[in-house]
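Participant:
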Amino acid sequence: MTPMIVAVAEVADGALTRLSTEIATLARTLAGEAGGSAAGLVVDAAPDAAAAQLAAYLPRVVAVASPATGRETWAPHAAAELRRLVDEGATHVILPTTTDGRDVGGMLVALLGWGLLANAEGATWDGDGPVVHASVLGGKAITRSAFAGATGIITVPPGAVAAVEADATGSVEARAGADAPVIPAVSVLERVAEAGAAVSLEEARVVITAGRGIGGPEGFAFADELAELLGGVVGATRAAVDAGWIAYARQIGQTGKIVKPALYVGLGVSGAMQHRVGMQASEAIVAINRDPDAPIAEIADLFVLGDLLEVVPALVSELRARRGA
Amino acid sequence: MRILVLTKPVPDPAAGAERLGPDLRLDRASSPTVVNGNDEYALEAALRLVEAHGGEVVILAMAPANAVETMRKALAMGAHRGILITDPALAGADLPTTIRVLAAAIAAAPEPFDLILAGFDTSDGNGGAVAAGIAVRLGLPLCSAAALIEPDLAAGSVRVRRLSAKGYDVVEAPMPTVLSCTQALGEPRYPSLKGIMAARSREIAVRSLADLPEGLAPADRGWATKVLSAAPPEARAVGRTVTAGPADAAREIADFLADRRLI
Chain F
12 MTPMIVAVAE VADGALTRLS TEIATLARTL AGEAGGSAAG LVVDAAPDAA AAQLAAYLPR
72 VVAVASPATG RETWAPHAAA ELRRLVDEGA THVILPTTTD GRDVGGMLVA LLGWGLLANA
132 EGATWDGDGP VVHASVLGGK AITRSAFAGA TGIITVPPGA VAAVEADATG SVEARAGADA
192 PVIPAVSVLE RVAEAGAAVS LEEARVVITA GRGIGGPEGF AFADELAELL GGVVGATRAA
252 VDAGWIAYAR QIGQTGKIVK PALYVGLGVS GAMQHRVGMQ ASEAIVAINR DPDAPIAEIA
312 DLFVLGDLLE VVPALVSELR ARRGA
Chain Z
11 MRILVLTKPV PDPAAGAERL GPDLRLDRAS SPTVVNGNDE YALEAALRLV EAHGGEVVIL
71 AMAPANAVET MRKALAMGAH RGILITDPAL AGADLPTTIR VLAAAIAAAP EPFDLILAGF
131 DTSDGNGGAV AAGIAVRLGL PLCSAAALIE PDLAAGSVRV RRLSAKGYDV VEAPMPTVLS
191 CTQALGEPRY PSLKGIMAAR SREIAVRSLA DLPEGLAPAD RGWATKVLSA APPEARAVGR
251 TVTAGPADAA REIADFLADR RLI
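Going line by line, the protein sequences match chains F and Z. Residue numbers for the first sequence follow this note's numbering, so the first one is 12 and each next one is one higher. Residue numbers for the second sequence follow this note's numbering, so the first one is 11 and each next one is one higher.
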C-alpha cells in the first residue's frame, strides 16, 4: 500500500489556523520520506479561502463545502469526509490536538480500528511507517512510538513542527459534503466569544502567567502590562483560576492548556506539578517569586527572588527605557 | 436520570512517581493511584444532576483488579455503584480496544443511560479521544469540552456549553448523548465521612472480557501501536537565581531577554 498522508485543517473566521499549516508541513515531509503522497482536507461551510491557503503547503487539497458545519458540530462531518478519503487510499491521518481534532481522532479510531499516537512532538518516516516522538508522564520521558500496521492517526499540538511552504502551490479539488455525519449531528444554537479569548494561549510566542502570588484580580494589571510590552498573552495557574480572578480558558497545566512559548514569565507562580506539566517545555523560563523554595526555581532559567509588585514595575520601566519610549 | 461516568484510575500526578516499565508501558504499580482529575469534574456534574432531577450515577472503569480501591473514592463522593472491567488480556490495551470494551460494557447495562460522561482527557494518556470513540460505537451524539450541562427531561434533550477557541458554543443534543467534561463544570466535592462509610457497602461489579461479546480485544495483545523506545528528556541547563533589588533585578531580566532576542 503506497502511503497517503492526510493533514486535516481547521478554519477560524474563514482562515486557516497556524496549527493547520504546521500539520500540513508534517504531512508533506512524511510523504516525501515515505515516497508516498500527501493531501490536505478542509471541511467548512465556505472552505475556498482556507483551501487556497493550504495549497501553499501541500500538492493536493480536498475542499469540502459542508453547509451543515455552519449549524452543527464539525467533527462528525469531518470524520465522514475522512472515511471517504480512507476509501480512496489514505493510510495516515494527521489531526490538530484541539477539541475538534481529538473528537475526529476518537471517531476514526472507532470507525476504522486504527491506532492513534497522541501529542506528537515530531515524526519521521522509518521503513514502514512514521515514528512519532512524544513527551509522556508529565514530561518525565520522551517516547518513540510506531503503528503496528500500515495505517494510523497522529495528533499534533501547536508549535511541534515549523510551518514551511512547499516549493510549488498544490491543486484544490472542490467537493460536496458527504451525505451523513458519522454520528447524529449536534446543533450549535449560539457561538459566544468571550473577551480576551481571541488570542490563542497555545500559539502565543510569549506567555505571562499569573499565580496566586499576584494577590488578586487587580494584580493582573501587572501581567497585562508586561504582556503588552513583550507581545505576549496572559495565562494563569489553577490557583488563580480557582480563586475566580480569571477565566478557566486561561489556565495552564494538567487540566488546562499545555503551552510551549519562546518565553514564559511566571509572576507569583509557585510551580506545582499540576502547572509544570503545562509549561515546562517552554524555551526560556523566567520566574519572579518571593519564596526561595518555590519549585519553579528548579526549572527557571532565571529565577528572581523578590516581590513582583516591585520587580514588575521596575522591569516595565527598564523595558520602556531600552525601547527608547 | 441515569448517568454513567467513566472514571479512570491514573497515577497520582501530584506524587510525581509515574514511570514506564521494562515493556515501555506505564508501570501502574509504581505510583499511588487516584481518579483521573477531569473524570472527577464529570462525576461532580453527574452527582449535581441526579441531586436536582433524581436518578442514579454509575461509574465505569477498565483497569487492573486493584482499581476497586480507587473506585471506592468515587463511590464515596456519592456515585451509587460501579462496574470494573478487568482482564489480564487488556493490560496495556490500545485505544481501539479500550473504546470497544468500554462501549460494550455500557451497551451491556440492563437499563440504558440518559447521559454518558467522560473527562476531557486523562492525565496519563492525554489523548482525549475515548469519549468520541464511544459515541461512534454506540451511535450516539457527542458534546465535548462541556462547561455547563442543562438537561430538559420533558423534551428529552440536553443543552451544553461547549468550550471553543474563542469562548463557548451553546449546543443541543437529544438524549442519550455522550459528553466530555472539563474543569469549568465546577470543583468536585470531598467525600464526607458518611459518604466514605456508605461507599463500603456499594456494589462494584467486577467483569472480565468473558462477560462481554467476543472479539473486542485482539489475540495475543496485538495492539495497533507500540512504544519503540523511551528516554529521559534533555535536562534543562541549570538556571540562575537573582537576589538583587528591583532595579538591578529588572536589568538582569532585560539583559536575559536581550541575549535571547526576546526584546
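Beta carbons: idealized from backbone N, C-alpha and C, even for Gly.
Under a three-way DSSP split, which group does histidine 103 (chain F) fall into?
Facilitator: The residue given as residue 103 (chain F) occupies position 92 in the first sequence. The answer is strand: DSSP assigns histidine 103 (chain F) an E or B state.
Participant: Mind checking the stretch 159-175 of chain F against chain Z and listing, in chain order, the residues whose C-beta falls within less than 9 Å of any C-beta there?
Facilitator: Result list: Ala159, Gly160, Thr162, Gly163, Ile164 and Thr166.
Participant: Is there contact here, the stretch 70-87 of chain Z with the stretch 28-37 of chain Z, by at least three beta-carbon pairs under 8 Å?
Facilitator: Touching, no.
Participant: For alanine 73 (chain Z), count neighbouring Cβ atoms within 10 angstroms of its own Cβ and tell me buried if that reaches 16, exposed if not.
Facilitator: Numbered from its first residue, the second sequence carries residue 73 (chain Z) at position 63. Burial call: buried.
Participant: Do cysteine 153 (chain Z) and alanine 183 (chain Z) have their CB atoms nearer than 8 Å?
Facilitator: As a working mapping, residue 153 (chain Z) is identified with position 143 in the second sequence. As a working mapping, residue 183 (chain Z) is identified with position 173 in the second sequence. Yes, Cβ-Cβ distance for cysteine 153 (chain Z) and alanine 183 (chain Z) is below 8 Å.
Participant: Apart from the five residues on each side of it in sequence, which residues of its chain come closer than 6 Å, Cβ to Cβ, to isoleucine 159 (chain Z)?
Facilitator: By one-based count along the second sequence, residue 159 (chain Z) stands at place 149. Taken in chain order, the residues that qualify are Ala55 and Val170.
Participant: For leucine 16 (chain Z), which residues of its own chain have a beta-carbon under 6 Å away from its beta-carbon, when the five flanking residues on both sides are left out?
Facilitator: The residue you call residue 16 (chain Z) lines up with position 6 of the second sequence. Result list for leucine 16 (chain Z): Leu70 and Ala128, in chain order.
Participant: Can you list, in chain order, the residues of its chain whose CB lies under 7 Å from that of glycine 227 (chain F), leaving out five sequence neighbours each side?
Facilitator: In the first sequence, counting from the first residue as 1, residue 227 (chain F) sits at position 216. Closer than 7 Å at the Cβ level, and outside the excluded window around glycine 227 (chain F), lie Trp256.
Participant: Are the C-beta atoms of alanine 156 (chain Z) and some chain F residue less than 8 Å apart?
Facilitator: The residue given as residue 156 (chain Z) occupies position 146 in the second sequence. No, no contact with chain F.
Participant: Any beta carbon of chain F sitting closer than 8 Å to that of aspartate 179 (chain Z)?
Facilitator: As a first step, residue 179 (chain Z) must be located in the second sequence, where it is residue number 169. Closer than 8 Å: yes.
Participant: Along the alpha helix (DSSP H) that carries proline 324 (chain F), what are the first and last residues, could you check?
Facilitator: Taking the first residue of the first sequence as 1, we reach residue 324 (chain F) at position 313. Where proline 324 (chain F) is concerned, the enclosing alpha helix (DSSP H) stretches over 319-334.
Participant: Check whether the stretch 171-186 of chain F touches the stretch 98-106 of chain F, taking contact to mean three or more Cβ pairs, one atom from each stretch, closer than 8 Å.
Facilitator: No, the stretch 171-186 of chain F is not in contact with the stretch 98-106 of chain F.
Participant: Please identify the residue among Z:Ser174, Z:Val237 and Z:Ala208 whose C-alpha is closest to the C-alpha of alanine 23 (chain F).
Facilitator: As a first step, residue 23 (chain F) must be located in the first sequence, where it is residue number 12. Closest option to alanine 23 (chain F), Cα to Cα, is Z:Ser174.
Participant: If you count every other CB in all the chains shown that lies within 10 Å of the CB of valine 207 (chain Z), and 16 or more means buried, which is it?
Facilitator: Against the second sequence, residue 207 (chain Z) aligns to sequence position 197. First, the residue type needs correcting, since residue 207 (chain Z) is methionine and not valine in the sequence shown. Methionine 207 (chain Z) should be labelled exposed.
Participant: Would you list, in chain order, the members of the stretch 259-286 of chain F that have their beta-carbon closer than 9 Å to a beta-carbon of chain Z?
Facilitator: The residues in question are Tyr259, Ala260, Gln262, Gln265, Thr266, Gly267, Ile269, Ala273, Leu274, Val276, Ala283, Met284 and Gln285.
Participant: Taking only beta-carbon positions, decide if valine 146 (chain Z) is within less than 8 Å of chain F.
Facilitator: Taking the second sequence and counting its residues from 1, the one referred to as residue 146 (chain Z) is at position 136. At least one chain F Cβ lies under 8 Å of valine 146 (chain Z).
Participant: What residues from the stretch 250-266 of chain Z come within 9 Å of chain F, judged by C-beta to C-beta, listed N to C?
Facilitator: Those would be Arg250, Thr251, Val252, Thr253, Ala254, Gly255, Pro256, Ala257, Asp258, Ala259, Ala260, Arg261, Glu262, Ile263, Ala264 and Phe266, in chain order.
Participant: So what does DSSP say about methionine 15 (chain F), is it helix, strand or coil?
Facilitator: Position 4 of the first sequence holds residue 15 (chain F). Note: methionine 15 (chain F) maps to strand in three-state DSSP.
Participant: Does the Cβ of glycine 81 (chain F) have 16 or more other Cβ atoms within 10 Å, making it buried, or fewer, making it exposed?
Facilitator: Along the first sequence, read from residue 1 onward, the residue named residue 81 (chain F) stands at position 70. Exposed, since its Cβ has fewer than 16 Cβ neighbours within 10 Å.
Participant: Identify whether arginine 217 (chain Z) lies in helix, strand or coil by the three-state DSSP scheme.
Facilitator: Position 207 of the second sequence holds residue 217 (chain Z). Three-state DSSP puts arginine 217 (chain Z) in a strand.
Participant: Counting beta carbon pairs with one atom in the stretch 140-152 of chain F and one in the stretch 51-64 of chain F, are three or more of them shorter than 8 Å?
Facilitator: Not touching, per the Cβ criterion.
Participant: Since glycine 25 (chain Z) contacts alanine 227 (chain Z) with CB under 8 Å, what's their CB separation in whole angstroms?
Facilitator: The count along the second sequence starts at 1 and reaches residue 25 (chain Z) at position 15. The count along the second sequence starts at 1 and reaches residue 227 (chain Z) at position 217. The sequence given here places alanine at residue 25 (chain Z); glycine does not occur at that position. Actually they do not touch by this definition, with Cβ atoms about 30 Å apart.
Participant: Grouping DSSP H, G and I as helix and E and B as strand, with all else coil, what is arginine 29 (chain Z)?
Facilitator: Position 19 of the second sequence holds residue 29 (chain Z). Note: arginine 29 (chain Z) maps to coil in three-state DSSP.
Participant: Touching or not, the stretch 130-142 of chain F and the stretch 243-253 of chain Z, by the rule of three or more beta carbon pairs under 8 Å?
Facilitator: These segments do not touch.
Participant: Three Cβ pairs or more, each shorter than 8 Å: is that satisfied between the stretch 40-55 of chain Z and the stretch 198-207 of chain Z?
Facilitator: Result yes; three or more Cβ-Cβ pairs closer than 8 Å.
Participant: Can you give me the C-alpha to C-alpha distance between alanine 189 (chain F) and alanine 86 (chain F), rounded to a whole angstrom?
Facilitator: Here the question's residue 189 (chain F) lines up with position 178 in the first sequence. Here the question's residue 86 (chain F) lines up with position 75 in the first sequence. Taking the straight line from one Cα to the other gives about 13 Å.
Participant: Keeping to the same chain, check which residues put their C-beta closer than 7 Å to that of lysine 271 (chain F); ignore five residues upstream and five downstream.
Facilitator: If you number the first sequence from 1, residue 271 (chain F) lands on position 260. Excluding residues within five positions, the ones whose Cβ falls inside 7 Å are Gly170, Ala292 and Ser293.
Participant: Do arginine 250 (chain Z) and leucine 313 (chain F) have their C-beta atoms closer together than 8 Å?
Facilitator: Along the second sequence, read from residue 1 onward, the residue named residue 250 (chain Z) stands at position 240. Along the first sequence, read from residue 1 onward, the residue named residue 313 (chain F) stands at position 302. Yes, the Cβ-Cβ distance between arginine 250 (chain Z) and leucine 313 (chain F) is below 8 Å.
Participant: Is the Cβ of isoleucine 34 (chain F) closer than 8 Å to any Cβ of chain Z?
Facilitator: Translated into positions along the first sequence, residue 34 (chain F) becomes position 23. So, not an interface residue.
Participant: How is arginine 91 (chain Z) classed by DSSP in three states: helix, strand or coil?
Facilitator: Along the second sequence, one-based indexing puts residue 91 (chain Z) at 81. In this structure, arginine 91 (chain Z) counts as strand in the three-state DSSP scheme.
Participant: Would you say glycine 138 (chain Z) lies against chain F (beta-carbon separation less than 8 Å)?
Facilitator: Taking the first residue of the second sequence as 1, we reach residue 138 (chain Z) at position 128. By this cut-off, glycine 138 (chain Z) is an interface position.
Participant: Just the C-alpha distance for alanine 75 (chain Z) and proline 19 (chain Z), rounded to the nearest angstrom, thanks.
Facilitator: For the purposes of this step, residue 75 (chain Z) is taken as residue 65 along the second sequence, with counting starting at 1. For the purposes of this step, residue 19 (chain Z) is taken as residue 9 along the second sequence, with counting starting at 1. Their Cα atoms are separated by approximately 11 Å.
Participant: DSSP has aspartate 179 (chain Z) in a bridge; who is on the other side?
Facilitator: As a working mapping, residue 179 (chain Z) is identified with position 169 in the second sequence. The partner list for aspartate 179 (chain Z) (beta bridge, DSSP) reads F:Arg202 and Z:Arg172.
Participant: Along the beta strand (DSSP E) that carries glycine 277 (chain F), what are the first and last residues, could you check?
Facilitator: If you number the first sequence from 1, residue 277 (chain F) lands on position 266. Note, glycine 277 (chain F): beta strand (DSSP E), 274-278.
Participant: Between phenylalanine 231 (chain F) and chain Z, is there a C-beta pair that is closer than 8 Å?
Facilitator: Locating residue 231 (chain F) in the first sequence gives position 220, counting from the first residue. With 8 Å as the cut-off, phenylalanine 231 (chain F) does not count as an interface residue toward chain Z.
Participant: Please confirm if valine 53 (chain F) has its CB atom under 8 Å from at least one CB of chain Z.
Facilitator: For the purposes of this step, residue 53 (chain F) is taken as residue 42 along the first sequence, with counting starting at 1. No - not a single Cβ of chain Z is within 8 Å of the one on valine 53 (chain F).
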